[in-house]
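K.L.:
Numbering (this note's numbering), first residue to last: 1 to 1274.
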């Protein structure tokens, strides 16, 4: 056949921009192994023309024809260029187009009968082969056979009539006309109804009708055999057969089974692999026999065997080699049994085990075509090229054939051809076409230029540079013009041209260039390496109790260049999804929350952090833990007098090991005490030896404890009792608790009943004098204490107490010393003396008393210190009424003591007594003394007032504790938070209570320190901070809230600004009235309600200050406007009179309130001032320095203020802001008396020297007059 010298498509150089034609989806492989050098053209390879060898797509099939109209042989093939077709008939060339009765389909090899056939049909009977060929080779079809037959017809035959006796077997034969296509047989009656088949009446594969035995009902004259020839489209009905069944006078005999088809006991069958085999077992006998099938050398295949015709036929489908063997049909009835054996041999027509594949090859490649076939008997394999058999010596030395394999080395373009492999044995022939297409294709780079590749650290980076061409192109990679790229062991050039970098790092980032050798083809690839995703906080193993909530955390660190990570949670490999209905799983950020954990939730939980480039995972687990089950099988063994062995079996620990076992016991004789802990045992032991007390009944139980909690108790043991013994111990803490004179009280700690160790338990009490007695006195007692009388006062005794019971006494014991009852001391300390150390401390000394006069244990001395007020107070009242008393106890060995914390400038007395447990003895001689003058305490209050931006006025009250004669004051002040020097002002007049400072910085804040002064020095300071005030200004940022009849005005007062007055002017724009004006408002009030407005009306508001408008606006009140004023109850005379009476009553109450406030307030202040001085400082009728008499005080106390019972009065504090609207007052919280006093500066200030002092020795008086808190306005 013709060949072209080479097959080249496309062009060399740059990738051509050509129309992409439909191609095969093939891939290129560069491995040089045999049969692996084929070319697979990628789908994105651009090519403008592509040739293809012929491939037969539709094979012809063998047919049997009964007329000219049945002739149709198909043969279709593809290829480029389109192939030409030709036929051979019995090995000779056959041209269907030359036969006038045949026509050929255009573009194919299919031919069929279209006209009148001249000559007999037998002229077409032959074997045919179709050939499809183009410039690249010839493909060959399978060999098919065309068989011709005449349409089947019936020959004239005689009618058949059969007459048999009832019970005999009968065969009605069909004998249809022969055809190579066997007909389908139908036994029917004259009405075309099928003869009913059953296990007695059966149709054989030969078409005959078999009766195992006949009955009278089988008699009929129309048994008709109908033969249906499907291919010939013909049905032939044979002559009806008459069957007459006669009855016998005798009883119908039963007959043993016999084979009807096949006959005899053995038959042989040949089956072909892949086909079906049918084995018949048609029998005669009466009663109708049953049939069973078995395989004698194995088991019947359940999937490929089936039974038909009431078990008379066994069909084996899809025969395989394993189906060869012996099968048996067993036939049974009541008269006997018969068997038939079938020997089945399996052979096979040829079939492919390995077919050669059509491929494209580049010049120089090696081709291997494998053609392997099998069959029984083994088929012979032969090769053809373009339909021509390869016989004798192969003319091509590069080609070798061995065992069905063709190897062609170093292929060239002229090796392009279609090879046929044919396998043949006695059962048939199979054929396969495969082509070798040697082709040259220009190189192309199949990946786009400038692609960007992103990977994370540690990944395997692949930079793509897939090429295609024939011969295979050679690829090189460069980075920054470096030729040593492949020297790095992590870098590999793959066979497909891609560059692979394992364990990629940030150092691998950059621009890479892929080039095709000997061409100008190249592309660039940009590699960017990002940080790998790392799980910082992986989920852990959680021990969770049932019903609790488990929380897994999976916190990961992700490169910011990557997409936000997605966290996928899995449980035992299955993905978890948030369950909104059951609230089982909840995802909150990096957390997985598993609610209501149960046993089925146990398992491994994995969090997978997924980004667009990588994914990492970490796993944790949930283990269900719970408190342990109670121990079981509690046993008491090895009992002894003092111990017993207890053993048990631990219960289920529920995944939390037992830490400790707690052994508890119950006292059988005192169950009211319940179960008590006896011993703890390590969780690794399950037995313990327990020490027991004598004369007790024990019942034991055990509790397990793990990290979750305690188990329920085990079942209790049986009662175990111990025998009695003598006491092991004596009572503890034996002592004398004698309180009454002439009495010895011996007592001890009563012993627990459990240590009695036996019955009849009691105590033996022993005593004797330390001096004078040589023998012990004793008695018996059942409980403490034991009292001995007539023993004298405070006499020393040796005492002891011993336990005893019916079995004996406790161990010997050592005596202790005790004393009889004490009496109060007889004598006072002598030579008591006192020395003044300073204004607030003294040293007291005395001589020790004779211990015999103590009449008991000397516990120490008591110093009694009394204060009788200040040195300047009235002496008569001081002697009668001490205002402070202090008692100081010393040790029995002390003879002096220093007392501190005394009030300076005060009168004191001192006495000393001795005491024992019975009480104090008589006091020593009284010593009187006076303390010296000391530094004063801080002033009681300090208030700051500012009337100008550079001035500050300080108001204060004298110290509550002057500690002497007050001489004056010392004022120090400086700017807060600065290094400015401290300014000092000295005030030498103690009666001065205020001072004005000028030339202060208006923008600074000051701190003031004020101290009192006596001849002893400066006292403690009172400290305040404050700043001067600025000029006042009207408010700004006024907010309005409009109602129906009013509007609420609010504003924020200016800080450190004096209050100013302003007014609101308003005009109703709808009623044509005049401007109205509010009362004067105070800028420090921050709120005002403008009332008396008309609902649903428009108003214009104007805010004025110093006759100038500083803000104006318009408002509309809420509600509907007043259209018609109707007379209501508010206009009735009675209502107006009632309101007027109420207003008058309120006015009278207000007047009384102000009158009472003016008088009662003054007396209240005086009462409180009196409360601050001691009793000596209160004014008497005959003294000159009191302002009020006792009668006035009593009258004031008996007349309650109207303001105390009514809420109608307004306090002075609330009125201060309006009485002094232009002054911003620096507020200091202080007592009410002080507020009243300084609100009336004209009242006389009491002499500081007359104020009562207070000290730590006088807890009933005020320690100082300072306020609890202070709030100073800026």
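The beta carbon of each residue, even a glycine, is placed where N, CA and C say it ideally should be.
(1) DSSP three-state label for residue 202, please.
(2) Are the segment 117 to 129 and the segment 167 to 175 touching, with three or more C-beta to C-beta distances below 8 Å?
(3) Within this structure, are the beta carbons of residue 523 and residue 461 separated by less than 7 Å?
(4) What is the DSSP secondary structure of residue 98, reduced to helix, strand or coil?
(5) Can you give me the Cβ contacts of residue 309 inside the same chain, cut-off strictly under 8 Å, excluding the 5 residues immediately before and after it?
(6) Could you please give me the residues that DSSP links to residue 1089 through a beta bridge?
(7) Near residue 553, what residues of its chain come up, given a Cβ to Cβ distance below 6 Å and the 5 sequence neighbours on each side ignored?
(8) Contact between the segment 426 to 444 and the segment 468 to 476: three or more CB pairs below 8 Å?
(9) Between residue 904 and residue 884, which are expected to be in contact by the criterion C-beta below 8 Å, what is the C-beta distance as a whole number of angstroms?
(10) Is there contact between the segment 1074 to 1092 and the segment 1043 to 1055, where contact requires at least three CB pairs shorter than 8 Å?
(11) If you pair each beta-carbon of the segment 302 to 320 with each one of the segment 351 to 361, do three or more pairs fall below 8 Å?
(12) Would you be able to state if there are at least three C-beta pairs under 8 Å between the segment 977 to 990 and the segment 884 to 897?
(13) Helix or strand or just coil, what does DSSP make of residue 1141?
(14) Please state whether the Cβ-Cβ distance between residue 656 and residue 703 is less than 7 Å.
(15) Can you tell me where the beta strand (DSSP E) holding residue 300 begins and where it ends?
(16) Closest by CA to residue 542, which one among 968, 534 and 551?
(17) Could you please give me the residues that DSSP links to residue 371 through a beta bridge?
(18) What residues in its chain sit with their C-beta under 6 Å from that of residue 766, if we drop five residues either side in the sequence?
(19) Alpha carbon to alpha carbon, how far is residue 1029 from residue 1058? Give it in angstroms, no decimals.
(20) Note down the Cα distance separating residue 940 from residue 1092, rounded to an integer number of angstroms.
(21) So what's residue 413 in DSSP terms, helix, strand or just coil?
(22) May I ask you to list the residues that DSSP assigns as paired with residue 661?
(23) Take residue 144 as the anchor and find which of 247, 60 and 85 has the nearest alpha-carbon.
(24) Residue 933 and residue 964: beta carbons closer than 7 Å?
(25) Considering Cα atoms alone, identify which of 957, 40 and 926 is closest to residue 1278.
(26) Closer than 8 Å is the cut-off here; do at least three beta carbon pairs connect the segment 176 to 183 with the segment 224 to 243?
(27) Is DSSP giving residue 278 helix, strand or coil here?
(28) Measure how close the beta-carbons of residue 216 and residue 242 come, nearest whole angstrom, since I'm counting them as under 8 Å.
(29) State buried or exposed for residue 422, treating a residue as buried only when at least 16 other CB atoms are found within 10 Å of its CB.
(30) By a C-beta neighbour count over all protein chains shown, 10 Å radius and 16 as the cutoff for buried, is residue 642 buried or exposed?
(31) Looking only at C-alpha atoms, which of 946, 1022 and 990 sits nearest to residue 972?
(32) Relative to the alpha-carbon of residue 1097, which residue among 787, 125, 1075 and 1070 has its alpha-carbon at the smallest distance?
(33) Go to residue 380, then tell me how far its beta strand (DSSP E) extends in each direction, as first and last residue.
(34) Quick check: the segment 988 to 1003 against the segment 950 to 961, are there 3 or more CB pairs under 8 Å?
(35) Find the nearest neighbour of residue 548 within the set 783, 325, 900 and 624, judged by alpha-carbon distance.
(36) Of the residues 721, 235, 260 and 459, which one's Cα is nearest the Cα of residue 665?
P.N.:
By the coordinates alone:
(1) The count along the chain shown starts at 1 and reaches residue 202 at position 202. Residue 202: strand per DSSP, three-state reduction.
(2) no
(3) Taking the first residue of the chain shown as position 1, residue 523 is located at position 523. Taking the first residue of the chain shown as position 1, residue 461 is located at position 461. No; because the gap between Cβ atoms is not below 7 Å, this pair is not in contact.
(4) As a first step, residue 98 must be located in the chain shown, where it is residue number 98. Helix.
(5) Within the chain shown, residue 309 is the residue found at index 309, counting from 1. Here the set comprises 197, 202 and 203.
(6) Counting from one through the chain shown, the residue named residue 1089 turns up at place 1089. DSSP output for residue 1089 lists 1048 as bridge partner(s).
(7) Numbered from its first residue, the chain shown carries residue 553 at position 553. Around residue 553: 537, 590 and 591.
(8) yes
(9) Locating residue 904 in the chain shown gives position 904, where the first residue counts as 1. Locating residue 884 in the chain shown gives position 884, where the first residue counts as 1. Going by Cβ atoms, the distance from residue 904 to residue 884 rounds to 14 Å, so no, they are not a contact pair.
(10) yes
(11) no
(12) no
(13) For the purposes of this step, residue 1141 is taken as the residue at position 1141 of the chain shown. In the displayed model, residue 1141 falls within a helix according to three-state DSSP.
(14) In the chain shown, the residue the question calls residue 656 occupies position 656. In the chain shown, the residue the question calls residue 703 occupies position 703. Taking 7 Å as the Cβ cut-off, residue 656 and residue 703 do not qualify as a contacting pair.
(15) To locate residue 300, count along the chain shown from 1; it is residue 300. For residue 300, there is no enclosing beta strand (DSSP E), since its DSSP letter is neither H nor E.
(16) One-based indexing of the chain shown puts residue 542 at position 542. The shortest Cα separation from residue 542 among 968, 534 and 551 belongs to 551.
(17) The sequence position of residue 371 within the chain shown is 371, counting from 1. BP columns for residue 371 are empty, so no partner.
(18) As a first step, residue 766 is located in the chain shown; it is residue number 766 there, counting from the start. Excluding positions up to five away in sequence, the list reads 776, 778 and 800.
(19) By one-based count along the chain shown, residue 1058 stands at place 1058. By one-based count along the chain shown, residue 1029 stands at place 1029. Near 6 Å, if we compare the C-alpha coordinates of residue 1029 and residue 1058.
(20) One-based indexing of the chain shown puts residue 940 at position 940. One-based indexing of the chain shown puts residue 1092 at position 1092. Between residue 940 and residue 1092, the C-alpha separation is close to 49 Å.
(21) Residue numbering aside, residue 413 sits at position 413 when the chain shown is read from its first letter. Three-state result, residue 413: helix.
(22) Numbered from its first residue, the chain shown carries residue 661 at position 661. In the DSSP output, where bridge partners are listed per residue, residue 661 has 681 and 704.
(23) As a first step, residue 144 is located in the chain shown; it is residue number 144 there, counting from the start. Among 247, 60 and 85, the Cα nearest to that of residue 144 belongs to 60.
(24) Your numbering for residue 933 matches position 933 in the chain shown. Your numbering for residue 964 matches position 964 in the chain shown. Against a cut-off of 7 Å, the Cβ pair of residue 964 and residue 933 comes out as a contact.
(25) The question about residue 1278 has no answer here: the residues shown for the chain are numbered 1 through 1274.
(26) yes
(27) For the purposes of this step, residue 278 is taken as the residue at position 278 of the chain shown. Reduced to three states, the DSSP call for residue 278 is strand.
(28) The residue given as residue 216 occupies position 216 in the chain shown. The residue given as residue 242 occupies position 242 in the chain shown. With a Cβ gap of about 15 Å, residue 216 and residue 242 do not count as contacting.
(29) Along the chain shown, one-based indexing puts residue 422 at 422. Buried, by the Cβ-count rule.
(30) Taking the chain shown and counting its residues from 1, the one referred to as residue 642 is at position 642. By the neighbour-count rule (16 or more Cβ atoms within 10 Å), residue 642 is not buried but exposed.
(31) Looking up residue 972 in the chain shown gives position 972. Here the closest residue by C-alpha is 1022.
(32) As a working note, residue 1097 is residue 1097 in the chain shown. For residue 1097, the nearest C-alpha among the options comes from 1070.
(33) Working through the chain shown from its first residue, we reach residue 380 at position 380. Taken as a continuous stretch (DSSP letters only), the beta strand (DSSP E) holding residue 380 covers 380 to 385.
(34) yes
(35) Counting from one through the chain shown, the residue named residue 548 turns up at place 548. The shortest C-alpha separation from residue 548 is found at 624.
(36) Residue 665 sits at position 665 when you count from the first residue of the chain shown. If we check each option's Cα against that of residue 665, 721 comes out closest.
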